[in-house]
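The block underneath contains the structure these notes are about, expressed in structure tokens.
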Amino acid sequence: ETGSHEGELRGQLRVTCSMSFAYAQIAAAIVDFLKRYPQLKIDLNISEGALNLVDARIDLAIRISAEPDPSLIGRVLAPCSSVLVASPAYLRAHGMPQTPAELAAHRGLSYANFGKSVWTLRRGEELVSVRISSYFSANEATALLCAAQAGGGIALQPVYLAKPHLEDGSLQVVLPEWQLPDMSIYALY
2 ETGSHEGELR
12 GQLRVTCSMS
22 FAYAQIAAAI
32 VDFLKRYPQL
42 KIDLNISEGA
52 LNLVDARIDL
62 AIRISAEPDP
72 SLIGRVLAPC
82 SSVLVASPAY
92 LRAHGMPQTP
102 AELAAHRGLS
112 YANFGKSVWT
122 LRRGEELVSV
132 RISSYFSANE
142 ATALLCAAQA
152 GGGIALQPVY
162 LAKPHLEDGS
172 LQVVLPEWQL
182 PDMSIYALY
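In our numbering, each residue carries its 1-based index in the sequence shown increased by 1.
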């Protein structure tokens, strides 16, 4: 056809990622990508679980993991760091934990698929695992973010999702001198 470029991307690409990543990063990135490749159509499947990519006819999965599925080809796109966050109202009512051990006395908001009842924190060479009291767990990070903003407790959140809320003051970092295990954002196919 006229005006067509050799090797231009076209056809349909089926992509899957989590709700939180779609909300915070992917939806806007897809719009930019489609402006560059107007012949392409993208179908985004938002799912929290590990889909069988063949059965679901998915071309590309974007997953955040410490250990991705070894049966898939994976490319690391970026590191994914996490933080513990809570609302200023929650911290006024319950106090700011000064040590990881104090997390056990707080209301935990936990991710059902990762670190549901034990959070591991590192400060230099010091490594501490704390059994938390999870009052509310969910399989989706955005729901836990909303619960934390509503004063529900302390949540473990990916920085990509929490960052704008830390910047606007609706959430505060808990134990900022301690790091949580890093994961990676993978493209899997």
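Heads up, the beta-carbon is just placed ideally off N, CA and C, and yes, glycines get one too.
Keep in mind it's a predicted model, so treat the numbers as computed, not measured.
| request: Label THR17 either buried or exposed according to how many other C-beta atoms from any shown protein chain fall within 10 Å of its C-beta, with 16 as the threshold for buried. | output: Position 16 of the sequence shown, counting from 1, holds the residue named residue 17. Label assigned to THR17: buried.
| request: Check LYS164 in the structure and name its three-state DSSP category. | output: Within the sequence shown, the letter at position 163 stands for residue 164. It is helical.
| request: Output yes if chain B places a C-beta closer than 8 Å to the C-beta of ALA23; else output no. | output: Structure shown: chain B not included; a single protein chain is present.
| Length at least 4, wholly inside the segment 11-58: the alpha helix (DSSP H) runs in chain order | 28-37
| field | Cut-off 8 Å between Cβ atoms - residues of its own chain near SER143, not counting five sequence neighbours on either side | value | Numbered from 1 along the sequence shown, position 142 holds the residue referred to as residue 143. The identity of residue 143 in the sequence shown is Thr, whereas the question assumes Ser. Excluding sequence neighbours, THR143 sits near MET20, SER21, TYR24, LEU162.
| field | Beta-carbon gap between TYR190 and LEU73 smaller than 8 Å | value | Stepping through the sequence shown from its first residue, residue 190 is reached at position 189. Stepping through the sequence shown from its first residue, residue 73 is reached at position 72. Yes.
| Rounded C-alpha distance that separates PRO101 from SER138 | Counted from its first residue, the sequence shown places residue 101 at position 100. Counted from its first residue, the sequence shown places residue 138 at position 137. Each residue's alpha carbon lies about 20 Å from the other.
| Residues of its chain near ALA141, where Cβ-Cβ distance is below 6 Å and the 5 sequence neighbours each way are ignored | Sequence index remark: in the sequence shown, residue 141 carries index 140 (1-based). Sequence inspection shows Glu at residue 141; the Ala mentioned does not correspond to that position. These residues qualify, in order along the chain: MET20, GLU49.
| Looking at C-alpha atoms only, which residue of ASP169, GLN158, TYR136, ALA188 is the closest neighbour of PRO177? | Here the question's residue 177 lines up with position 176 in the sequence shown. Nearest C-alpha to PRO177: GLN158.
| task | Going by DSSP, name the residue or residues bridged to GLN173. | result | Along the sequence shown, one-based indexing puts residue 173 at 172. For GLN173, which the question treats as bridged, DSSP gives the partners ALA87.
| What is the DSSP secondary structure of ALA67, reduced to helix, strand or coil? | Sequence index remark: in the sequence shown, residue 67 carries index 66 (1-based). Note: ALA67 maps to coil in three-state DSSP.
| First through last residue of the beta strand (DSSP E) which encompasses ALA113 | To locate residue 113, count along the sequence shown from 1; it is residue 112. Segment: none, ALA113 is in no beta strand (DSSP E) and carries neither H nor E.
| Contacts around ASP44, its chain only, beta-carbon distance under 8 Å, and the 5 residues preceding and following it disregarded | For the purposes of this step, residue 44 is identified with residue 43 of the sequence shown, where counting begins at 1. These residues qualify, in order along the chain: GLN13, LEU14, ARG15, VAL16.
| Other residues of its chain near ARG58: CB distance less than 8 Å, five sequence neighbours each side excluded | Mapped onto the sequence shown, residue 58 falls at position 57. Excluding residues within five positions, the ones whose Cβ falls inside 8 Å are ARG15.
| field | Spatial neighbours of PRO182 in its chain, beta-carbon cut-off 7 Å, leaving aside the 5 residues before and after | value | As a first step, residue 182 is located in the sequence shown; it is residue number 181 there, counting from the start. Counting only Cβ-Cβ distances below 7 Å, and skipping sequence neighbours, we find ALA67, THR121.
| message | Using a 10 Å radius around the Cβ and a threshold of 16 neighbouring Cβ atoms, would you call LEU146 buried or exposed? | response | Position 145 of the sequence shown, counted from the first residue, corresponds to residue 146. Per the 10 Å Cβ criterion, buried.
| said: Between HIS107 and ILE31, how many whole angstroms is the CB-CB distance? I'm expecting something under 8 Å. | reply: Position 106 of the sequence shown, counted from the start, is the residue given in the question as residue 107. Position 30 of the sequence shown, counted from the start, is the residue given in the question as residue 31. In fact, because the Cβ distance is near 37 Å, the residues do not count as touching under 8 Å.
| message | Applying the 10 Å Cβ sphere with the 16-neighbour rule, what's the burial state of GLY4? | response | Locating residue 4 in the sequence shown gives position 3, counting from the first residue. At GLY4, the pLDDT of 48 sits below 50, so the modelled position is not reliable; the number obtained from the coordinates is stated separately. Counting Cβ neighbours within 10 Å, GLY4 comes out exposed, since fewer than 16 surround it.
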